[in-house]
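Number of protein chains: 2
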Amino acid sequence: MTDMPGNRPAPRQGSGSVTIAHVAAAAGVSKQTVSNVMNSPAKVRTETRERVQRAVAELGFQPNRLARALRSSAAGMIACRIEPVSSHSLAHLHDRFLHALAEAGQASGRHLMLFAADDAESEAATCVQLVRTGSVEGVVLYNVVPDDPRPSILTEARVPFVCFGRAADAGWVDVDNARGVASVVDHLAESGHRSIGFLGFPEGHRVGDDRAEGWVTAMDRHGLLAGSHRLDVRGEDTWLSGARMARSLLGRPDAPTALVAASDTLAAGALQAFRDLGLSPGQDVAVVGYDDTPSAEVLDLSSVRQPLPEVGRRIVEALCSPDGTTTPVTSLLPPELIVRGSSRPQA
Amino acid sequence: MTDMPGNRPAPRQGSGSVTIAHVAAAAGVSKQTVSNVMNSPAKVRTETRERVQRAVAELGFQPNRLARALRSSAAGMIACRIEPVSSHSLAHLHDRFLHALAEAGQASGRHLMLFAADDAESEAATCVQLVRTGSVEGVVLYNVVPDDPRPSILTEARVPFVCFGRAADAGWVDVDNARGVASVVDHLAESGHRSIGFLGFPEGHRVGDDRAEGWVTAMDRHGLLAGSHRLDVRGEDTWLSGARMARSLLGRPDAPTALVAASDTLAAGALQAFRDLGLSPGQDVAVVGYDDTPSAEVLDLSSVRQPLPEVGRRIVEALCSPDGTTTPVTSLLPPELIVRGSSRPQA
DNA sequence: ACCCTCCGTTTTACCGATCCAATCCGATCG
DNA sequence: CGATCGGATTGGATCGGTAAAACGGAGGGT
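Keeping their order, the protein sequence lines are chains Y and C.
Residue numbers are given in the UniProt record's numbering: position 91 of the first sequence equals residue 91, and the series is strictly consecutive.
Residue numbers are given in the UniProt record's numbering: position 134 of the second sequence equals residue 134, and the series is strictly consecutive.
In structure tokens, the structure reads:
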């Protein structure tokens, strides 16, 4: 209680921060007891605990994360690359995903570190380095494609990681794209639509193909597929392309009464096509987008929302669970359909 | 060279990482010499240095960031809040800004930590906590508004911080919005336009007002302001609102031949209005957007680009420079006009 | 030969917390 | 009444580096 361990002047002026030793001295106990109060309060007698807690509150003590991390070799951090802007369709989700990840991490006492990288290889190299230097406990991969080089590099280097998007021989969390589109078809079919078109991405990419497959499956289930294969059109994920595709579908003799778009961008283009053709969205013809971007709300556009908060939680959980010899954790989450004016059945 | 300091089994199997002690043992020198090789190579004799470097390479040693940070009490990290998605016009910039920040930080050996917060107050509280726990050296504030509560809280708590956007009594980095819009007016005036309209945000917000002021100033400088005050219209930052405002301007008897928009969103709306009116962008009427979002390129829309990489560098520099009693660093950067088809003078 | 400087290296201490083993204490028990 | 026992508390070592001071041998000056 008299002086500081280490003969340092008590609460240092200015810049120095309050350490566990200051608290211990103030409460008249040892450092270890303070540590116990912070980490396993049950081990400390109530009276002592309260005395320590008072000292903690008075001095405004906050344990040094670095020291704790060093000693317990648990960095309390996960890393994720922040990609440069691209016209990739998932780019719109990137910041929402990072937000979800940050929030989920905080909920379990872990922070999110961002890093930039030029390509997949340097991203993987950075991940390895971050883990080797003890900076992070694991990393999250985003936008994983079928023959992605990253999972194998990281597995080889024994870097804990989880993918957002399916990957072989690795832990992943994904949102069921096929199911999302299928739920849109269900919704439209239940609203009485019998001819439902699909505006998709060019073939060859996982996400786009999954969404297309959802349309086929659901159409078939409703017995609407026969003769509908002409209603499946594909094109770039741009507003103009969406408008063009919608116009071409609606210009046919067997024009569909509803459209499912693989993105809000395409759906926004479709809305424009409706306007050009003098059709009223939701009344004359329905359209539903995907990803529930901010513009969907502005445009009163129905859309499929990915449960990003849950995705974040699952990823953090998978990353921090007792990894090892067991099969990597995988989970496929259902998206949620948000119905707005563009597809609401008129009363 | 014989056994490990601390009597630990040499390169531990599996999970354990290579430490400075392993390298020291392998090279037959002390830990400190290894440390010197890594940090101040000049202090070490060439022969010794090479021997150590060989050992470093062989063992794949990477210094533990946590240990280094703890000892030198320099976290090597900066933090920035990641905001939830909003319809705020600057939201489009958020991920690009974070990317720039991450890149700039890496260039100076600092990593970027992201955190989520519900409001400005809890954001400030988190910042204080992050610095107090030694997790980060400083924080970056984004979207700073005139009477923002955050700067004063952080100053009070002696948390080093820099704002992206002007703030009183604090370090900040900003892009000159007025100058950006003025450069657009210059460009249009040089292309022969004499009647130039402005599509802006509702009054009362720093960014929007700055951009509007740029239009006024430049128009006046070119002697085009007289009678032009009717060409300054304001509205929400949405696509629909942009289309509406453009239509209303172009429908007048004194219709402008060029439009300056305060955002790409508004400009995209204007492009739609042109289409509706049968006008050809860049030929019949010019339009220029702001922020050079990805859609600007797709739409062949001229736009003003904020020099985010430079903003990031300046922020990191300001945050890590010898802070203290001197006046906080402030810098106002010029944006760059990207001319595309929507405003290119026809040859 | 002696002292002093200089340089390269090692030694010692330390950053701030946690882990482990040892100690202390009152309470129970033979 | 001394030995034992279990929970509360403490001291010391440790995590992996870095700062500062101590060390030792080569070279220079007188």
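Think of the CB as a built atom: it goes at the ideal place given N, C-alpha and C, for glycine as much as any other residue.
What does Asn64 of chain Y reach in chain C if we use C-beta pairs closer than 8 angstroms?
-> Those within 8 angstroms of Asn64 of chain Y in chain C are Leu70, Thr133, Gly134.
So is Glu103 of chain Y in contact with chain C if we call contact Cβ pairs under 9 angstroms?
-> Yes, Glu103 of chain Y lies at the interface with chain C (some Cβ there is under 9 angstroms from its Cβ).
Three-way DSSP call (helix, strand, coil) for Gly138 of chain C in this model = Three-state DSSP puts Gly138 of chain C in a strand.
Hey, is the region 235-253 of chain Y in contact with the region 261-280 of chain Y, meaning 3+ C-beta pairs nearer than 8 angstroms?
-> Contact between the region 235-253 of chain Y and the region 261-280 of chain Y is present, because at least three Cβ pairs lie under 8 angstroms.
Contact list for His94 of chain C against chain Y, beta-carbon separation under 8 angstroms | Within chain Y, the residues near His94 of chain C are Asp95.
Considering only C-alpha positions, which residue in the set C:Pro335, C:Arg340, C:Thr327, C:Ser321 is nearest to Glu137 of chain C?
-> Closest by alpha carbon: C:Ser321.
In angstroms with no decimal places, state the Cα-to-Cα distance between Arg110 of chain C and Asp209 of chain C.
-> Here the alpha carbon of Arg110 of chain C sits roughly 35 angstroms from the alpha carbon of Asp209 of chain C.
Should Ala168 of chain C be labelled buried (16 or more other beta-carbon atoms within 10 Å of its own) or exposed?
-> Counting Cβ neighbours within 10 Å, Ala168 of chain C comes out exposed, since fewer than 16 surround it.
Any Cβ of chain C within less than 9 angstroms of the Cβ of Phe17 of chain Y?
-> It should be noted that the sequence gives Ser, not Phe, for residue 17 of chain Y. Ser17 of chain Y counts as touching chain C.
So which residues on chain C does Met245 of chain Y lean against when the C-beta distance must stay under 9 angstroms?
-> Within 9 angstroms Cβ-Cβ: nothing; Met245 of chain Y doesn't reach chain C, min ~16 angstroms.
Would you please verify whether the beta carbon of Thr113 of chain C is less than 9 angstroms from any beta carbon of chain Y?
-> Residue 113 of chain C is actually Met in this sequence, not Thr. Met113 of chain C has a beta carbon lying within less than 9 angstroms of a beta carbon in chain Y.
Does Trp239 of chain Y get closer than 9 angstroms to chain C when you measure Cβ to Cβ?
-> At least one chain C Cβ lies under 9 angstroms of Trp239 of chain Y.
Under 7 angstroms between beta-carbons, which chain Y residues line up against Leu98 of chain C? List them in chain order, please.
-> Close to Leu98 of chain C, with beta-carbon spacing below 7 angstroms, are these residues of chain Y in chain order: Ile82, Leu114.
Interfacial residues, the region 286-311 of chain C to chain Y, with Cβ spacing under 7 angstroms | Residues of the region 286-311 of chain C with a Cβ closer than 7 angstroms to any Cβ of chain Y, in chain order: Pro294, Val298.
In terms of residues, what are the limits of the alpha helix (DSSP H) holding Gln56 of chain Y?
-> It should be noted that the sequence gives Val, not Gln, for residue 56 of chain Y. Start and end: 46-59.
Comparing alpha-carbon positions, which option in C:Thr330, C:His22, C:Gly282 lies nearest Ser343 of chain C?
-> Restricting attention to C:Thr330, C:His22, C:Gly282, the CA atom closest to the CA of Ser343 of chain C is found in C:Gly282.
Buried or exposed: which applies to Glu203 of chain C, given that a residue is buried once 16 or more other Cβ atoms fall within 10 Å of its Cβ?
-> The residue is exposed, with fewer than 16 neighbouring Cβ atoms inside 10 Å.
Complete runs of the beta strand (DSSP E) confined to the region 184-240 of chain C [at least 3 residues] | For the region 184-240 of chain C, whole beta strand (DSSP E) runs of length 3 or above, ordered along the chain, are 196-200, 232-234.
Could you give the residue range of the alpha helix (DSSP H) that holds Ser343 of chain C?
-> For Ser343 of chain C, no alpha helix (DSSP H) encloses it, and the DSSP letter there is neither H nor E.
Could you pull out every residue in the same chain whose Cβ sits closer than 8 angstroms to the Cβ of Pro5 of chain Y, ignoring the five residues on either side in sequence?
-> The pLDDT assigned to Pro5 of chain Y is 41, lower than 50, so where the model puts this residue is not dependable; a value taken from the coordinates is nonetheless given after this. Excluding positions up to five away in sequence, the list reads Ala21, Ala24, Ala25, Lys31.
Using the beta-carbon of each residue, which ones in chain Y are nearer than 7 angstroms to residue 357 of chain C?
-> Outside the displayed span of chain C (1 to 347) sits residue 357 of chain C, for which this structure offers no information.
Would you say Gln272 of chain Y reaches chain C, if we count a Cβ-Cβ gap shorter than 9 angstroms as a contact?
-> Chain C has a Cβ within less than 9 angstroms of the Cβ of Gln272 of chain Y.
Test: Gly6 of chain Y CB closer than 9 angstroms to a CB of chain C = With a pLDDT of only 37 at Gly6 of chain Y, under the threshold of 50, the placement of this residue in the model should not be trusted, and no figure is reported.
Counted within 10 angstroms of its Cβ, other Cβ atoms place residue 358 of chain Y as buried (16 or more) or exposed | Nothing can be reported for residue 358 of chain Y, as the shown portion of chain Y is limited to 1 through 347.
Tell me whether Ser152 of chain Y sits in a helix, a strand or coil according to DSSP, three-state version.
-> The answer is helix: DSSP assigns Ser152 of chain Y an H, G or I state.
Amino acids of chain Y, ordered along the chain, whose beta-carbon sits closer than 8 angstroms to that of Ala67 of chain C | Residues of chain Y passing the Cβ test: Leu70, Gly134.
Determine whether the Cβ of Ala218 of chain C lies closer than 9 angstroms to any Cβ atom of chain Y.
-> Not closer than 9 angstroms to any Cβ of chain Y, the Cβ of Ala218 of chain C fails to qualify, so no.
When you compare each of C:Arg275, C:Phe274, C:Val304 to Val288 of chain C by their alpha carbons, which one comes out closest?
-> Nearest of C:Arg275, C:Phe274, C:Val304 to Val288 of chain C, Cα basis: C:Val304.
Between the C-alpha atoms of Leu277 of chain Y and Gly200 of chain C, what's the straight-line distance to the nearest angstrom?
-> Distance between the alpha carbons of Leu277 of chain Y and Gly200 of chain C is about 30 angstroms.
With DSSP run on the structure shown, which of helix, strand or coil describes Leu332 of chain C?
-> It is a strand residue.
Got a sec, what are the start and stop residues for the beta strand (DSSP E) Ile82 of chain C sits in?
-> In the DSSP assignment, Ile82 of chain C falls outside any beta strand (DSSP E) and carries neither an H nor an E.
Can you tell me the Cα-Cα spacing of Ala75 of chain Y and Arg211 of chain C, whole angstroms?
-> Looking at the two C-alpha atoms, the distance is approximately 44 angstroms.
For a contact meaning CB atoms closer than 7 angstroms, what does Gln106 of chain Y contact in chain C?
-> Simply Phe115, Ala116.
Mind checking if Ala262 of chain C is an interface residue toward chain Y, Cβ cutoff 9 angstroms exclusive?
-> With its beta carbon at least 9 angstroms from every one in chain Y, Ala262 of chain C lies outside the interface.
So, using beta-carbon positions, are His99 of chain Y and Ala116 of chain C closer together than 9 angstroms?
-> Cβ distance < 9 angstroms, so His99 of chain Y and Ala116 of chain C count as in contact.
DSSP-derived helix/strand/coil call for Arg305 of chain C = Strand.
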